[in-house]
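Comments concern the structure below.
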Amino acid sequence: MRNKFLIMDQTDNCATCLVAISRGDKLDVNGKIIEIINIIPVGHKFALNNIKKGEIIRKYGKIIGIATKDIKTGEWIHIHNIKSHYLEVSKHG
């Protein structure tokens with residue numbers, strides 16, 4: 009597979025992994041080399057730049073959440089460091 013990650017919009021500050029990416033891997037993201045800090049599972053996200061606590065996380069050009077702590081470039085973005093912006097679905101249907 010040629011592409012290891014997907015960025016859909018120029019406003020995105022995270023990329024989605026198309027394959028699992030190992031800690032220490034160096035990825036060329038539009039001419040910028042990003043070193044991956046954590047193991048990133050397929051389908052998960054990593055930060056394209058430093059993101060401060062409280063800043064918006066954008067994926068596919070859409071707001072998906074807010075950073076709950078500072079996130080470093082190349083760091084895994086998941087439930088441990090983001091508050092989802094998706095609407096909660098009622099458990100009662």
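Counting along the sequence shown from 1, when you hit position 21 you're at 29 in the numbering used here, and nothing is skipped either side. C-beta atoms are modelled at their ideal positions from N, C-alpha and C, and glycine is treated no differently.
Thr-81 - DSSP class collapsed to helix/strand/coil: Sequence index remark: in the sequence shown, residue 81 carries index 73 (1-based). Here Thr-81 sits in coil by DSSP.
Whole-angstrom C-beta distance between Ala-55 and Ile-85, which should lie under 8 Å: Residue mapping note: residue 85 aligns to position 77 of the sequence shown, counting from 1. Residue mapping note: residue 55 aligns to position 47 of the sequence shown, counting from 1. Yes, Ile-85 and Ala-55 are in contact; Cβ-Cβ is about 6 Å, under 8 Å.
Selected residue, minimal CA-CA separation from Thr-19, among Ala-75, Ile-71, Thr-81, Val-50: The count along the sequence shown starts at 1 and reaches residue 19 at position 11. The shortest Cα separation from Thr-19 among Ala-75, Ile-71, Thr-81, Val-50 belongs to Ile-71.
C-beta atoms of Ile-74 and Ile-87 nearer than 9 Å: Working through the sequence shown from its first residue, we reach residue 74 at position 66. Working through the sequence shown from its first residue, we reach residue 87 at position 79. Contact check for Ile-74 against Ile-87 fails: the beta carbons are separated by 9 Å or more.
Element boundaries [beta strand (DSSP E), containing Ala-75]: Here residue 75 refers to the residue found at position 67 when the sequence shown is read from its first residue. The continuous beta strand (DSSP E) containing Ala-75 extends over residues 70-75.
Residue span of the beta strand (DSSP E) that contains Lys-91, given as start and end: Your numbering for residue 91 matches position 83 in the sequence shown. Here the beta strand (DSSP E) through Lys-91 covers 90-92.
Beta-bridge pairing of Leu-14 - partner residues as DSSP gives them: Sequence index remark: in the sequence shown, residue 14 carries index 6 (1-based). Its beta-bridge partners are Thr-24.
Cutoff 8 Å; reference Arg-66; Cβ partners in own chain excluding five residues on either side: Your numbering for residue 66 matches position 58 in the sequence shown. Asp-17, Thr-19, Asp-20, Asn-21, Cys-22, Ile-72, listed in sequence order.
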